[in-house]
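If you read the sequences in order, they're chains A, B, C and D. Going by the UniProt record's numbering, the first sequence opens with residue 1, and the numbers climb by one from there. Going by the UniProt record's numbering, the second sequence opens with residue 1, and the numbers climb by one from there. Going by the UniProt record's numbering, the third sequence opens with residue 1, and the numbers climb by one from there. Going by the UniProt record's numbering, the fourth sequence opens with residue 1, and the numbers climb by one from there. Ideal Cβ positions, reconstructed from N, Cα and C, are used throughout, including at glycine. Since this is a predicted model, take the numbers as computed values, not measurements. The structure under discussion appears below in the form of structure tokens.
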Amino acid sequence: MFRKVLIANRGEIAVRIIRACRELGVRSVAVYSTADASSAHVELADEAVRIGPAAARRSYLNIPNVIAAALKTGAEAIHPGYGFLSEDPYFAEICAENGITFIGPPPGVMESAGDKATTRRLMADAGLPLLPGTTEPVASLDDALAATGRIGYPVVVKAVAGGGGRGIAVARSPEALRTAYRQTRAGAQAVFGDSRVYLERYLESARHIEFQLLADGFGNAVHLGERDCSVQRRHQKLIEEGPSSALDEQTRTQMGEAALRGTKSLGYCGAGTMEFLLDDDGRYWFMEMNARIQVEHPVTEAITGVDLVAEQICIAAGCRLQLGQADVQLRGHAVEVRINAEDPDRGFAPTPGTLTEFRTPGGPGVRVDSHCVPGADVSPHYDSMIAKLIVWASDRRAALDRARRALGETTVVGPGIRTTIPFHQRVLDHPAFRSGEVRTDFLPRHLGM
Amino acid sequence: MFRKVLIANRGEIAVRIIRACRELGVRSVAVYSTADASSAHVELADEAVRIGPAAARRSYLNIPNVIAAALKTGAEAIHPGYGFLSEDPYFAEICAENGITFIGPPPGVMESAGDKATTRRLMADAGLPLLPGTTEPVASLDDALAATGRIGYPVVVKAVAGGGGRGIAVARSPEALRTAYRQTRAGAQAVFGDSRVYLERYLESARHIEFQLLADGFGNAVHLGERDCSVQRRHQKLIEEGPSSALDEQTRTQMGEAALRGTKSLGYCGAGTMEFLLDDDGRYWFMEMNARIQVEHPVTEAITGVDLVAEQICIAAGCRLQLGQADVQLRGHAVEVRINAEDPDRGFAPTPGTLTEFRTPGGPGVRVDSHCVPGADVSPHYDSMIAKLIVWASDRRAALDRARRALGETTVVGPGIRTTIPFHQRVLDHPAFRSGEVRTDFLPRHLGM
Amino acid sequence: MRDSETTVDVAGVHQLSSALRAVVESLPGPVRQVTVRAGECSIDVSWDAPAAVTAPPPPGPVLAAPWEESPGEPDDGTLTVRSPLVGTFYRGPSPEESAFVEVGDVVEPGQQIALVEAMKLFTPITMDTRGRITAVHVADGDMVEYDQPLIDYVPVEG
Amino acid sequence: MRDSETTVDVAGVHQLSSALRAVVESLPGPVRQVTVRAGECSIDVSWDAPAAVTAPPPPGPVLAAPWEESPGEPDDGTLTVRSPLVGTFYRGPSPEESAFVEVGDVVEPGQQIALVEAMKLFTPITMDTRGRITAVHVADGDMVEYDQPLIDYVPVEG
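Structural data, given as structure tokens:
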């Protein structure tokens with residue numbers, strides 16, 4: 001096991017990783033920007049190194065400073081969390097060159113998983129069902145328009161380098177496709193430095209089902225059941241739960257086995273997530289592979305009892321996976337809601353500010369992951385997450401009742417700060433959500449959002 | 001199900017019960033003393049009624065005011081929590097006379113369970129192993145001295161009306177027995193209004209193992225595994241965990257079946273706990289039956305996933321127990337530590353005061369049950385509990401590491417306030433505790449306390 | 001069982017200490033000298049420089065109290081009779097009969113002015129001193145809590 | 001129950017003493033004079049200078065910050081050169097050679113005064129303006145963080 005791990009992240013996920021390190025007896029090194037000098041991850045870690053000014057590009061994304069901090073503090077490994085450097089194969093390579101273990105998959109695997117076109121090809125070879133689309137990036141607008149003859153409308157244009165709902169646009173007609181093609185290419189070039197795009201049939205209404213996976217460096221891999229993340233706004237997840245009310249045991253087994261097959265064909269190692277869409281006929285389609293720990297990982301932790309971050313660290317340290325597939329038993333139901341400093345009434349616009357009051361819920365089946373304390377700043381420089389609230393109960397109905405109860409106990413007050421709490425309460429009270437009939441079009445269809 | 005329940009208690013257990021009510025869709029009524037006017041249970045409940053001044057005898061133990069509050073607010077049931085009126089058969093009777101459901105066993109059963117001599121006789125009849133002792137209360141000091149001829153020393157003098165470690169004294173010689181006999185009788189008369197005492201062989205070093213039970217009004221009963229509460233100070237529990245590292249599956253099954261047999265022979269209904277001592281030869285002995293929800297119930301909730309307070313309310317509402325014995329599956333390991341405003345360096349003397357800072361831990365496997373918030377007063381009028389910290393992990397070692405991590409994140413600051421946190425950290429770090437070799441003499445033997 | 005019995009009312013001093021801080025925090029402007037006393041306990045503090053005042057913490061969610069919390073005695077000499085128990089408040093001996101008192105009445109010490117019923121036990125509410133009734137805060141048949149203000153009066157010289 | 005009765009309540013005074021300390025710690029600002037009383041016992045203290053307020057309890061794990069957080073610029077015109085990156089600080093081009101600057105040296109704009117190395121890249125630290133070196137905060141070979149004060153100087157007219 002490592003003696004010391006550097007956490008190249010901030011916010012709740014940095015706190016989450018520091019907690020895992022402490023429980024494993026591993027020393028933790030926080031890195032922080034000037035804006036985060038009094039942040040919880042700095043306070044909780046055993047050591048802390050300032051790496052740059054507030055702007056993420058000059059601090060949390062500043063590879064030389066992160067690496068220098070690891071070398072100087074003697075950290076043997078770096079955990080990148082999610083976002084920032086977590087899916088950057090170049091960063092993983094630099095870690096390796098400096099003799100530092102990157103806690104994640106090997107750089108080559110990250111590159112394959114990050115290139116959506118490559119992944120699609122590999123998954124097709126592994127026999128995973130893919131939505132009709134182009135297996136290669138489209139070379140021109142004419143090629144794109146021609147491909148729709150085979151694929152049909154609506155169609156989604158996706159950046160090869162995108163992922164997590166970024167770099168995608170839906171087109172329902174040839175005119176719309178012209179615009180979507182141009183815009184997605186331009187945006188992908190600007191954001192990812194890679195303008196390649198591919199096309200895929202778009203499902204207007206489907207379930208977003210993702211399988212959590214763990215694979216070690218010895219060829220062992222297990223899946224830990226699924227999360228249903230169908231409540232989305234503009235392809236961004238807002239509420240996640242598990243198990244999905246849409247899967248029976250047989251479908252779960254089939255999809256889990258497919259996910260494992262795909263994972264192994266990538267040569268995957270570490271924690272990862274395979275995302276699928278499930279259509280109304282019960283058919284599932286591979287979407288993408290996420291080569292990182294995800295925001296919603298606690299849902300899986302709650303229903304399986306497995307500490308995913310501890311497993312990530314152990315796998316990276318070269319330990320053999322102790323879990324077999326038969327050891328993974330799903331129990332009860334879990335729901336995660338993201339409490340963000342955003343105004344649901346103004347298009348979820350971020351509302352940064354200082355928390356004058358911050359009280360989190362407690363009691364049975366309630367977990368809060370947060371880096372915030374009373375007096376903390378929700379900085380405009382970073383994402384607007386204040387806390388993740390995860391509840392567990394013996395069944396879905398009890399879990400939703402518990403989530404409602406826990407949200408009612410949550411107090412977040414600060415000048416100008418609005419939160420997503422009222423939005424979550426609306427969803428939790430909605431008959432369609434309670435019935436479990438939730439698809440990716442839930443917000444426009446049921447809440448007019 | 002009830003529409004409205006009154007909670008005749010305060011502190012963390014009142015909050016716990018209000019949470020259960022809210023999740024069940026039941027309205028809650030808090031009662032409070034003048035000292036608790038701004039306490040969390042008052043704030044969280046749907047309604048609140050002031051029932052008296054700070055002194056518990058004139059507020060939380062004031063039966064007419066509690067009953068009047070229930071009648072006037074239209075509460076159909078009263079949950080007594082633990083302590084206060086929870087084991088008072090007279091209060092349960094008055095509830096019945098006023099058409100209010102007492103959430104607990106029927107008054108007759110409470111009386112039997114509260115009378116230690118009666119319980120001993122009933123348990124002996126049901127075939128439960130009892131330590132050598134007097135089956136009837138001893139009539140005189142001479143009788144007591146004579147009985148030790150058969151029982152042997154050390155012997156413990158117990159008040160018939162006692163329980164939970166109150167009203168007991170150990171004697172290791174005839175001289176000590178004279179004192180113990182007189183003092184226990186006098187104390188029992190003063191505290192319980194009942195001077196009867198009985199004798200029992202005293203085990204200097206044993207495991208305190210208790211089984212959690214649920215029984216409905218239709219003859220169905222299950223046990224939910226055991227809790228090990230061997231870390232005690234003067235017969236008061238300080239740390240509780242489950243499962244016990246001293247039980248193998250066979251012993252667990254045997255003891256669980258014995259506990260169920262005893263429960264049924266009492267005609268028990270509701271949630272209850274049967275306490276045993278386990279000696280070094282692996283023999284177990286019935287100690288007492290607790291006819292209430294206990295402080296340490298979250299340990300069982302963590303390893304079974306069953307919401308015991310919700311079950312209590314459902315059983316009292318006349319619902320059938322939905323759980324069969326086969327549905328009760330123990331998973332992982334849980335530990336509870338009581339964070340009290342007490343100074344471990346000065347004999348655990350209470351240190352009341354105002355909390356200027358209060359920060360609870362979060363993250364995976366951590367549950368906090370507390371009525372405290374920053375600015376709250378830890379009142380000298382009531383018990384000194386600030387919070388219960390319950391952690392769960394996949395095995396005992398991980399649970400202890402997690403408990404240590406979580407205690408390290410806990411901040412309790414106030415003028416003059418000291419807490420039991422440093423004590424718990426000492427125990428958690430102690431090799432004997434970590435090895436699982438913990439008996440009721442742990443504190444004197446290993447910590448010199 | 002305690003190791004040591006408390007010989008002085010330390011708990012009382014602690015309570016007084018938090019009350020003292022609340023007093024200091026609740027007052028506008030820096031204070032120089034404060035004395036608080038309750039029964040046997042008292043605390044007396046003076047500052048060298050005026051105490052830097054910490055802003056009082058926000059009061060948090062509002063308590064669902066149906067009556068004014070510790071309204072304090074106004075300066076005009078009005079006193080308040082409060083409920084000694086939880087129950088139903090009655091202004092008269094029965095619905096058919098008139099109220100024990102009306103606003104403006106002058107009432108003698110020991111005279112009954114209301115009735116609180118709980119568990120079929122009727123507790124008479126009586127005057128300690130002679131006074132003129134100035135307000136009745138509770139309607140006939142309403143529930144009252146412990147310590148809830150029932151009736152205001154102004155003492156009247158005998 | 002006590003083993004022995006004392007004629008004066010020394011234990012009570014001891015208990016009151018800790019209550020007194022709690023009172024002082026809970027109050028804002030330095031106090032000059034405090035009296036606490038509980039029943040028969042009382043303590044009366046006055047300070048010559050205002051009471052040194054007890055330091056607040058340590059704020060959890062100590063941050064391993066090797067340098068003063070935002071020390072601010074002192075009033076004497078001293079300016080500070082801070083590290084623009086994370087790395088190892090070197091005072092000279094190599095261990096064999098002498099330091100770029102010593103305290104007391106007057107240095108010209110653009111002149112190199114130190115070196116920070118990270119990932120085998122050497123970043124020269126240079127002066128913006130003419131100045132006299134007044135302090136070097138970091139030892140040769142020590143790690144520096146982003147924004148850490150490296151060298152102080154006082155501007156000197158050209």
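Neighbouring residues, chain C, relative to Ala-29/B (Cβ below 7 Å): Position 29 of the second sequence, counted from the start, is the residue given in the question as residue 29/B. Rather than Ala, the amino acid found at residue 29/B in this sequence is Val. At a beta-carbon threshold of 7 Å, none of the residues of chain C lie near Val-29/B; the nearest stands roughly 11 Å away.
Closer than 8 Å to chain B by CB, Ala-398/A: Residue numbering aside, residue 398/A sits at position 398 when the first sequence is read from its first letter. Yes, Ala-398/A counts as interfacial toward chain B.
Inter-residue CB distance, Ala-334/A and Glu-241/A (contact presumed, cutoff 8 Å): Taking the first residue of the first sequence as 1, we reach residue 334/A at position 334. Taking the first residue of the first sequence as 1, we reach residue 241/A at position 241. About 6 Å separates the two Cβ atoms, so the contact holds.
Exposed unless 16 or more other CB atoms sit within 10 angstroms - verdict on Met-312/A: Your numbering for residue 312/A matches position 312 in the first sequence. Here the sequence assigns Gln to residue 312/A, which means Met is not the residue at that position. Gln-312/A counts as buried, since at least 16 other C-beta atoms from the protein chains shown sit within 10 angstroms of its C-beta.
Helix, strand or coil at Arg-227/B according to DSSP, with G and I counted as helix: Taking the second sequence and counting its residues from 1, one reaches residue 227/B at position 227. Per DSSP, reduced to three states, the secondary structure at Arg-227/B is strand.
Leu-407/A to Ile-421/A span [Cα, whole Å]: Here residue 407/A is taken as the residue at index 407 of the first sequence, counted from 1. Here residue 421/A is taken as the residue at index 421 of the first sequence, counted from 1. The C-alpha of Ile-421/A is placed about 7 Å away from the C-alpha of Leu-407/A.
Collapsed DSSP secondary structure at Ala-55/D in the structure displayed: Within the fourth sequence, the letter at position 55 stands for residue 55/D. Any reading at Ala-55/D must be qualified, since the residue scores a pLDDT of 33, below 50, and its modelled position is unreliable; no value is offered.
Burial state of Tyr-90/A (16 or more Cβ within 10 Å): Walking along the first sequence from the start, residue 90/A turns up at place 90. Sixteen is the threshold: since fewer than 16 other Cβ atoms of the shown chains lie within 10 Å of the Cβ of Tyr-90/A, the residue is exposed.
With 16 other Cβ atoms within 10 Å as the buried cut-off, status of Ser-94/D: Taking the first residue of the fourth sequence as 1, we reach residue 94/D at position 94. Its Cβ having fewer than 16 others within 10 Å, Ser-94/D is exposed.
Reference Val-118/D, options Val-81/D, Glu-145/D, Val-36/D and Ile-43/D, closest by Cα: Locating residue 118/D in the fourth sequence gives position 118, where the first residue counts as 1. Correcting the residue type first, residue 118/D is Ala in the shown sequence and not Val. Distance from the Cα of Ala-118/D is smallest, within the candidate group Val-81/D, Glu-145/D, Val-36/D and Ile-43/D, for Glu-145/D.
Members of the segment 336 to 362 of chain A near chain B, C-beta cut-off 9 Å: Within the segment 336 to 362 of chain A, the residues whose Cβ lies closer than 9 Å to any Cβ of chain B are, in chain order, Arg-359, Thr-360, Pro-361 and Gly-362.
Which of helix, strand or coil DSSP assigns to His-446/B: Stepping through the second sequence from its first residue, residue 446/B is reached at position 446. In the three-state scheme derived from DSSP, where H, G and I count as helix and E and B as strand, His-446/B is classed as helix.
Cross-strand partners of Ser-370/A (DSSP beta bridge): Here residue 370/A corresponds to residue number 370 of the first sequence, with the count starting at 1. According to the DSSP secondary-structure assignment, Ser-370/A is paired through a beta bridge with Ala-387/A.
Unbroken stretches of the beta strand (DSSP E), 3 residues or longer, contained in the segment 241 to 305 of chain A: Taken in chain order, the complete beta strand (DSSP E) segments of 3 residues or longer contained in the segment 241 to 305 of chain A are 270 to 278 and 284 to 290.
Listed by chain order, chain B residues near Leu-85/C by CB distance under 9 Å: The sequence position of residue 85/C within the third sequence is 85, counting from 1. Within 9 Å of the CB of Leu-85/C, the CB atoms of chain B belong to Ile-51, Gly-52, Asn-62, Pro-64, Asn-65 and Ala-68, in sequence order along the chain.
Delimiting residues of the alpha helix (DSSP H) encompassing Glu-43/A: By one-based count along the first sequence, residue 43/A stands at place 43. Its alpha helix (DSSP H) spans residues 40 to 44.
Residue from Gly-81/A, Asn-62/A, Glu-200/A and Cys-95/A with nearest C-alpha to Ala-75/A: Start at 1 with the first residue of the first sequence, and residue 75/A comes out as number 75. In terms of CA proximity to Ala-75/A, Cys-95/A leads the group Gly-81/A, Asn-62/A, Glu-200/A and Cys-95/A.
Per-residue DSSP class, three states only, for Val-328/B: The count along the second sequence starts at 1 and reaches residue 328/B at position 328. DSSP, reduced to helix, strand and coil, places Val-328/B outside both helices and strands of the structure shown, so it counts as coil.
Collapsed DSSP secondary structure at Ile-103/A in the structure displayed: Position 103 of the first sequence holds residue 103/A. In the three-state DSSP reduction, Ile-103/A falls in the coil class, being neither helix nor strand.
Span separating the alpha-carbon of Ser-435/A from that of Ile-51/B: Taking the first residue of the first sequence as 1, we reach residue 435/A at position 435. Taking the first residue of the second sequence as 1, we reach residue 51/B at position 51. The straight-line gap from Cα to Cα measures roughly 42 Å.
Short Cβ contact (8 Å threshold) for Ile-417/A with Ala-341/A: Numbered from 1 along the first sequence, position 417 holds the residue referred to as residue 417/A. Numbered from 1 along the first sequence, position 341 holds the residue referred to as residue 341/A. Inclusion of Ile-417/A and Ala-341/A in the CB contact set at 8 Å is warranted, their separation being smaller than that value.
Neighbouring residues, chain B, relative to Ala-114/C (Cβ below 7 Å): Residue mapping note: residue 114/C aligns to position 114 of the third sequence, counting from 1. Going along chain B, no residue has its Cβ under 7 Å from Ala-114/C, so there is no contact; the nearest lies around 16 Å.
Rounded straight-line distance, which links the Cα of Ala-221/B to that of Thr-118/B: Counted from its first residue, the second sequence places residue 118/B at position 118. Counted from its first residue, the second sequence places residue 221/B at position 221. In a straight line, the C-alpha of Thr-118/B is about 22 Å away from that of Ala-221/B.
Straight-line gap, Val-5/B to Ala-161/B (C-alpha atoms, nearest Å): Counting from 1 along the second sequence, the entry for residue 5/B is found at position 5. Counting from 1 along the second sequence, the entry for residue 161/B is found at position 161. Cα atoms of Val-5/B and Ala-161/B: separation of roughly 29 Å, rounded to the nearest angstrom.
Any C-beta of chain B under 8 Å from that of Tyr-90/C: As a first step, residue 90/C must be located in the third sequence, where it is residue number 90. Closer than 8 Å: no.
Alpha-carbon spacing of Ala-51/D relative to Thr-411/B, whole angstroms: Here residue 51/D refers to the residue found at position 51 when the fourth sequence is read from its first residue. Here residue 411/B refers to the residue found at position 411 when the second sequence is read from its first residue. No answer about Ala-51/D holds up, because its pLDDT of 35 lies below 50 and its placement is not dependable.
Pro-431/A at chain B interface by Cβ criterion, 8 Å: Mapped onto the first sequence, residue 431/A falls at position 431. So no, Pro-431/A is outside the interface.
Simplified DSSP assignment, three categories, for Lys-116/A: Indexing the first sequence from 1 puts residue 116/A at position 116. In the structure shown, Lys-116/A sits in a helix (DSSP, three-state: H, G or I).
Cutoff 8 Å: Ile-125/C Cβ touching any chain D Cβ: Position 125 of the third sequence holds residue 125/C. For Ile-125/C, no CB of chain D lies under 8 Å from its own CB, so it is not counted at the interface with that chain.
Chain B contact residues for Glu-301/A, given Cβ-Cβ distances below 7 Å: Sequence index remark: in the first sequence, residue 301/A carries index 301 (1-based). Contacts between Glu-301/A and chain B, judged by CB atoms closer than 7 Å, involve Pro-364 in chain order.
Paired residues, beta bridge with Thr-88/C - DSSP: Working through the third sequence from its first residue, we reach residue 88/C at position 88. DSSP lists Glu-117/C and Met-143/C as the bridge partner or partners of Thr-88/C.
Cutoff 8 Å: Arg-37/D Cβ touching any chain C Cβ: Along the fourth sequence, read from residue 1 onward, the residue named residue 37/D stands at position 37. It does: the Cβ of Arg-37/D has a partner Cβ on chain C nearer than 8 Å.
Ile-51/B, enclosing beta strand (DSSP E) - first and last residue: The sequence position of residue 51/B within the second sequence is 51, counting from 1. First-last of the beta strand (DSSP E) with Ile-51/B: 47 to 52.
Beta-carbon gap between Leu-85/C and Pro-64/B smaller than 8 Å: Numbered from 1 along the third sequence, position 85 holds the residue referred to as residue 85/C. Numbered from 1 along the second sequence, position 64 holds the residue referred to as residue 64/B. Less than 8 Å separates the beta-carbon of Leu-85/C from that of Pro-64/B.
The segment 219 to 233 of chain A contacting the segment 175 to 182 of chain A, beta-carbon criterion three pairs below 8 Å: Judged by Cβ distances under 8 Å, the segment 219 to 233 of chain A makes no contact with the segment 175 to 182 of chain A, as fewer than three pairs qualify.
Three-way DSSP call (helix, strand, coil) for Thr-440/A in this model: Indexing the first sequence from 1 puts residue 440/A at position 440. DSSP places Thr-440/A in coil when its eight states are reduced to three.
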